[in-house]
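**Student:** Chains as they are written, first to last, in my numbering: chain R, 1 to 142; chain Z, 1 to 142; chain X, 1 to 142; chain S, 1 to 142.
Protein chains: 4
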Amino acid sequence: MSTLCEITLRVRYAETDQMGVAHHSNHIVWFEVGRIELLRQLGFSYIEMEQDGMNLPVVEIRCRYKHPALYDDEVTIRTRLAQMRSSILRFQYEVERKSDGRLLAEGESVHVVVGRDMKKTRLSEKYRDALLAAADEDAAES
Amino acid sequence: MSTLCEITLRVRYAETDQMGVAHHSNHIVWFEVGRIELLRQLGFSYIEMEQDGMNLPVVEIRCRYKHPALYDDEVTIRTRLAQMRSSILRFQYEVERKSDGRLLAEGESVHVVVGRDMKKTRLSEKYRDALLAAADEDAAES
Amino acid sequence: MSTLCEITLRVRYAETDQMGVAHHSNHIVWFEVGRIELLRQLGFSYIEMEQDGMNLPVVEIRCRYKHPALYDDEVTIRTRLAQMRSSILRFQYEVERKSDGRLLAEGESVHVVVGRDMKKTRLSEKYRDALLAAADEDAAES
Amino acid sequence: MSTLCEITLRVRYAETDQMGVAHHSNHIVWFEVGRIELLRQLGFSYIEMEQDGMNLPVVEIRCRYKHPALYDDEVTIRTRLAQMRSSILRFQYEVERKSDGRLLAEGESVHVVVGRDMKKTRLSEKYRDALLAAADEDAAES
């Protein structure tokens, strides 16, 4: 079973657009908030990872929008680590409206582990073990 | 042959993040700039479409990141209408660094046509004909 | 005594820039989050106000930056209604780092009350009374 | 006479909010675009300045909003260096709608020159001379 992380945000006025809904680019920012919170829940911060020379740039992002998030809605971002290879991480996300549990969007992001030189590297053991434990069992491969 | 639209933007300082590159959520905003420019090139504006009760909310977005866009880089967004059905539009995008022609990212977005009531509708003839002419021949279906 | 509203946010990665700090434009967004929270604390939401035809566009904004807010910092936005006239509201803000209580920025915003036609109007009694009670005594004028 | 820099942007859909206008935080980003363009016009880039250890963090920002900028409006940002001291720069901005020349907003920003250690420093001669030449004559002080 993978670790599931939940964090709730309130849609900001500045995030709305003139269609009267949260602009679709914000979901990508919310995914990141969820992903970072999952890392925090596993006991380490993304700052620390950057300082340790482990960066996780996004190489692919995908989002399917089901229903608009409205201004002032509280939205819960549910994040899990769906797949982990030596230098690839895949996270999955659900954005749910808190008030009625409606699924507003879902998506995923793929990350490659790079060092300070921006070249592909492997996660150091410290991160690898914690992340492996958090990943979906059947999806994790060393 | 589909109509291809090119527009060049300069990466803003506010768009960078502390990794020293344009944050990946900006590409989604740039796609939108490209898409709107393609519509303009076809002779109508998105404002007009909204006023005519033709909204094009994004139902799916995808981006693959190849190389980072850096602050002050001029990036060319190349947009084409890849597919068109009665109430579905699919656009494809390439983000290229102008100075050396390097492909930085590519992606696509899927849109459903909705009316003022946010219910699915069909494009009115005015838009349908212009878009059909702009779409990839083999991909367009009535 | 004016009503003071506090709300705590965490600086998002997407809010940082390549100087390694939260980009200064975000403080303006945080001010808005604080202002809306103050309204909520007074018992009404900004959505409701908009629906009642009471809009509060910003006519002036000012921010003095003392120390950078860093990624992942928890920052507390402290908002109070400093002045209120029949159709003008002035809010004041402080942005404080939660961990050490350091003042990172302070600012103010001035708003004019406009109706649906975007013309200057007066706050309806419902809002006026609640806001008067929340404003600094010496600063409130009918 | 101070050097005046003009650059024209088009308001992005993502920059609008549900009031149907460009959200007021974007003007702060546009000011930055204008400021950086002024530096470019003087023959050096902000990247170069950062690499030379000359950073210009914002210590104060102010904007007065006259009329809303609307989606798809072309807005001209007019920037000039209003004041220059050994380690303080003050820029002034006007945001004008291109189609009718209407002044939409005006503002200013104050910057302090800091080195790589984020401590206050003086501009090196290279930048100082170019900026002095660009500043308002009566406002420039060594």
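All C-beta atoms in this analysis are idealised placements derived from N, C-alpha and C, irrespective of residue type, glycine included.
Figure out for me which residue from Z:ARG128, Z:LEU9, Z:GLU96 has the closest Cα to the Cα of GLY107 of chain Z.
**Tutor:** Of the listed residues, the one whose Cα sits closest to GLY107 of chain Z is Z:GLU96.
**Student:** What's the call for ASP117 of chain Z, buried or exposed, on a 16-neighbour Cβ count within 10 Å?
**Tutor:** So ASP117 of chain Z counts as exposed.
**Student:** Using CA atoms only, rank isn't needed, just tell me which of S:ARG102, S:ALA82, S:ARG62 is closest to VAL75 of chain S.
**Tutor:** With distances taken between Cα atoms, VAL75 of chain S lies closest to S:ARG102.
**Student:** Quick one: grab the DSSP three-state call for LYS126 of chain Z.
**Tutor:** Here LYS126 of chain Z sits in helix by DSSP.
**Student:** From the beta carbon of TYR71 of chain Z, is the nearest beta carbon of chain R less than 8 Å away?
**Tutor:** Answer no: the Cβ-Cβ gap between TYR71 of chain Z and chain R never drops below 8 Å.
**Student:** Between which two residues does the alpha helix (DSSP H) carrying TYR46 of chain X extend?
**Tutor:** Element bounds for TYR46 of chain X: 46-51.
**Student:** Measure the C-alpha to C-alpha separation of GLN41 of chain S and CYS5 of chain S and round it to an integer number of angstroms.
**Tutor:** Going from the Cα of GLN41 of chain S to the Cα of CYS5 of chain S covers about 7 Å.
**Student:** Can you pull the chain Z residues whose beta carbon is under 8 Å from the beta carbon of TYR93 of chain S, in chain order?
**Tutor:** Per Cβ cutoff of 8 Å: no residues; TYR93 of chain S is ~15 Å from chain Z at best.
**Student:** If you compare alpha carbons, which of R:VAL110, R:GLU48, R:ARG80 is closest to ALA135 of chain R?
**Tutor:** Taking only the C-alpha atoms, the option nearest ALA135 of chain R is R:ARG80.
**Student:** Please name the residue, chosen from S:ARG64, S:LEU38, S:LEU39, that lies closest to ILE28 of chain S on a Cα-to-Cα basis.
**Tutor:** When each option's Cα is compared against that of ILE28 of chain S, the closest is S:ARG64.
**Student:** Taking only beta-carbon atoms, is TYR127 of chain R less than 8 Å away from chain X?
**Tutor:** For TYR127 of chain R, the answer is no, since every Cβ of chain X falls outside 8 Å of its Cβ.
**Student:** Could you list which residues in chain Z have their beta carbon closer than 9 Å to that of TYR13 of chain R, in chain order?
**Tutor:** Within chain Z, no residue comes near TYR13 of chain R; the closest Cβ sits about 18 Å away, beyond 9 Å.
**Student:** Going by beta carbon distance, what residues of the same chain come within less than 6 Å of ILE36 of chain S, once the five residues before and after it are set aside?
**Tutor:** Hits under 6 Å: TYR46.
**Student:** Could you name the residues of the same chain whose beta carbon sits closer than 7 Å to that of THR121 of chain X, not counting the 5 residues immediately before and after it, in chain order?
**Tutor:** SER87, VAL113, VAL114, GLY115, listed in sequence order.
**Student:** If we call anything under 8 Å between Cβ atoms a contact, is GLU15 of chain S one with TYR13 of chain Z?
**Tutor:** Cβ distance not < 8 Å, so GLU15 of chain S and TYR13 of chain Z don't count as in contact.
**Student:** Could you tell me the alpha carbon to alpha carbon distance between GLY34 of chain X and GLN51 of chain X, rounded to whole angstroms?
**Tutor:** Answer to the nearest angstrom: the Cα atoms are 20 Å apart.
**Student:** To which residues of the same chain is VAL59 of chain R closer than 7 Å at the C-beta, ignoring the five residues directly before and after it?
**Tutor:** Cβ within range, chain order: VAL110, HIS111, VAL112.
**Student:** Specify the secondary structure class of ARG10 of chain R as computed by DSSP and reduced to three states.
**Tutor:** Reduced to three states, the DSSP call for ARG10 of chain R is strand.
**Student:** I need the boundaries of the alpha helix (DSSP H) containing ARG40 of chain S, first residue and last residue.
**Tutor:** First-last of the alpha helix (DSSP H) with ARG40 of chain S: 26-41.
**Student:** What do you reckon, are the CB atoms on GLN92 of chain X and ALA82 of chain X nearer than 8 Å?
**Tutor:** Taking 8 Å as the Cβ cut-off, GLN92 of chain X and ALA82 of chain X qualify as a contacting pair.
**Student:** Tell me, please, which residues DSSP counts as bridged to ARG90 of chain S.
**Tutor:** Bridge partners of ARG90 of chain S: S:GLN83, S:VAL110.
**Student:** Is the beta carbon of ALA130 of chain Z closer than 8 Å to that of GLY43 of chain Z?
**Tutor:** Cβ distance < 8 Å, so GLY43 of chain Z and ALA130 of chain Z count as in contact.
**Student:** Judging by CA-CA distance, which residue of R:THR3, R:LEU39, R:SER25 is the nearest neighbour of PRO68 of chain R?
**Tutor:** Looking at the Cα atoms, R:SER25 is the closest of the given residues.
**Student:** Which partner residues of TYR65 of chain X appear in the DSSP bridge assignment?
**Tutor:** Per DSSP, X:ALA105.
**Student:** Check ALA135 of chain X in the structure and name its three-state DSSP category.
**Tutor:** Looking at ALA135 of chain X - three-state DSSP - the assignment turns out to be coil, as it is neither helix nor strand.
**Student:** Name, please, each residue of chain S whose Cβ falls closer than 7 Å to the Cβ of HIS111 of chain X.
**Tutor:** Chain S residues near HIS111 of chain X: none, gap ~10 Å exceeds 7 Å.
**Student:** Tell whether a beta-carbon distance below 8 Å holds between LEU38 of chain R and THR3 of chain R.
**Tutor:** Yes, Cβ-Cβ distance for LEU38 of chain R and THR3 of chain R is below 8 Å.
**Student:** Taking 8 Å as the threshold (beta carbon to beta carbon), is SER124 of chain Z in contact with chain X?
**Tutor:** No, its Cβ sits nowhere closer than 8 Å to a Cβ of chain X.
**Student:** Is the beta carbon of ASP72 of chain R less than 8 Å from the beta carbon of VAL11 of chain R?
**Tutor:** A contact, by the Cβ cut-off of 8 Å.
**Student:** Does the CB of GLY20 of chain X have a neighbour CB from chain Z at under 8 Å?
**Tutor:** It does: the Cβ of GLY20 of chain X has a partner Cβ on chain Z nearer than 8 Å.
**Student:** Roughly how many angstroms separate the alpha carbons of ARG90 of chain S and LEU70 of chain S, rounded to a whole number?
**Tutor:** Cα to Cα, ARG90 of chain S sits roughly 28 Å from LEU70 of chain S.
**Student:** As a quick exercise: from S:VAL21, S:ASP17, S:TRP30, S:ARG85, pick the residue whose alpha carbon is nearest that of THR8 of chain S.
**Tutor:** Here the closest residue by C-alpha is S:TRP30.
**Student:** Counting only C-beta atoms, is SER142 of chain X closer than 8 Å to chain R at any point?
**Tutor:** Its pLDDT being 44, under 50, SER142 of chain X is placed unreliably in this model, and the value from its coordinates should be taken loosely. SER142 of chain X does not count as touching chain R.
**Student:** Pull up the distance between the alpha-carbon of GLN18 of chain S and that of MET49 of chain X, whole angstroms please.
**Tutor:** C-alpha separation (whole angstroms): 13 Å.
**Student:** Within 10 angstroms of the Cβ of GLU125 of chain S, are there 16 or more other Cβ atoms? Answer buried if so, exposed if not.
**Tutor:** Flag for GLU125 of chain S reads exposed.
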